[in-house]
Amino acid sequence: MGKNKLAKFDDMAGYPHVFQFPFATLQEKGFDLKGHWNERFFKNNNPIVLELGCGKGEYTVGLGKLFPNKNFIGIDIKGARMWSGAKESMEQGMTNVAFLRTHIELISHFFAANEVSEIWITFPDPQMKKVSKRLTSTRFMKLYRELLAGDGIVHLKTDSNFMFQYTCEMVKANNYPVLCSTDDLYHSGMADDILGIRTYYEQQWLDRGLNIKYIKFVCEERESLTEPEVEIELDPYRSFNRSKRSALASGK
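If you use UniProt numbering, the sequence shown corresponds to residues 1 to 252, in order.
See the structure below:
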């Protein structure tokens, strides 16, 4: 691990709005804010919104500025990236923003039933070969439903046509109500202040000339969920700082 990363970890250790819980500690002691984020941390009853895979935290911070009457929590395992948003939000005295360093698979350890109102998934790895790791797979929908209150909303913003098409098919297979959907956000006339927040990686995709896709749907309660059984064309390009997305991209 580089000295710069270690310095950022040390810096964040002193941030009161950043929570870094080793799994061993979580197993032994649990997380005392679970079910009590509003009461004990935010000190209000405002809706809680999660950004999963928050990276540098652009959406967490950007949404926090736009909606002071909502609370936003960015979640990622990459602490060195998270530092940027954590530092900015602290320097600006934002009281409706927090960051949680953990694996997304573990979020049920940190949030109670009905504690979350919305979930943003911004530019995730599409995991084209591993359905169970896709953040919009039925496995994760079950996990989100455990936390979401009432008609909890899920947003997906992605460069990946594969991820977008898969999510659309998953939504269709499970009859989730779609509130908004486009395969070309910035030429659709739909990009408002919220959708216009651009992450570090999003700007790189735009600079490559790629279209940004977006879907917003209601993650309703379901007795059982169905994985879509459709063939979806793989993305033919390499993602930033990730393994090659497809056989075509790898040249194999």
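Don't be surprised by glycine CBs; every beta carbon is placed ideally from N, CA and C.
With contacts defined as CB atoms closer than 8 Å, Val154 and Ile119 qualify as a contacting pair. Under a 10 Å Cβ-count criterion, Lys129 is classified as exposed, with fewer than 16 other Cβ atoms of the shown protein chains found around its own Cβ. In terms of Cα proximity to Met190, the closest of Pro177, Ile212 and Val171 is Ile212. Assignment of beta strand (DSSP E) within the stretch 106-162, counting only whole runs of 3 or more residues, yields 116-122 and 148-158 in chain order. For Phe42, the closest of Glu233, Cys54, Ser108 and Ile73 by C-alpha to C-alpha distance is Ile73.
In the structure shown, Ile104 falls within a helical segment according to DSSP collapsed to helix, strand and coil.
Of Asn44, Ile48, Arg81 and Ile75, the smallest CA-CA separation from Ala7 is found for Arg81. Between the beta-carbon of Lys70 and that of Asn46 there is about 5 Å, and that keeps the pair under the 8 Å contact cut. In this structure, the beta-carbon distance from Asp207 to Pro126 does not fall below 8 Å. The C-alpha of Glu231 is placed about 43 Å away from the C-alpha of His36. Of the residues Glu91, Asn114 and Ile48, the one whose Cα lies closest to the Cα of Phe67 is Ile48. If you check the CB distance, Lys78 and Thr199 do not come in under 8 Å. For Ser89 and Asp183, the gap between their C-alpha atoms comes out near 31 Å. DSSP, read as helix, strand or coil, puts Phe19 in strand. The beta carbon of Ser160 is closer than 7 Å to those of Pro126 and Asp235 in its chain, skipping five residues each way along the sequence.
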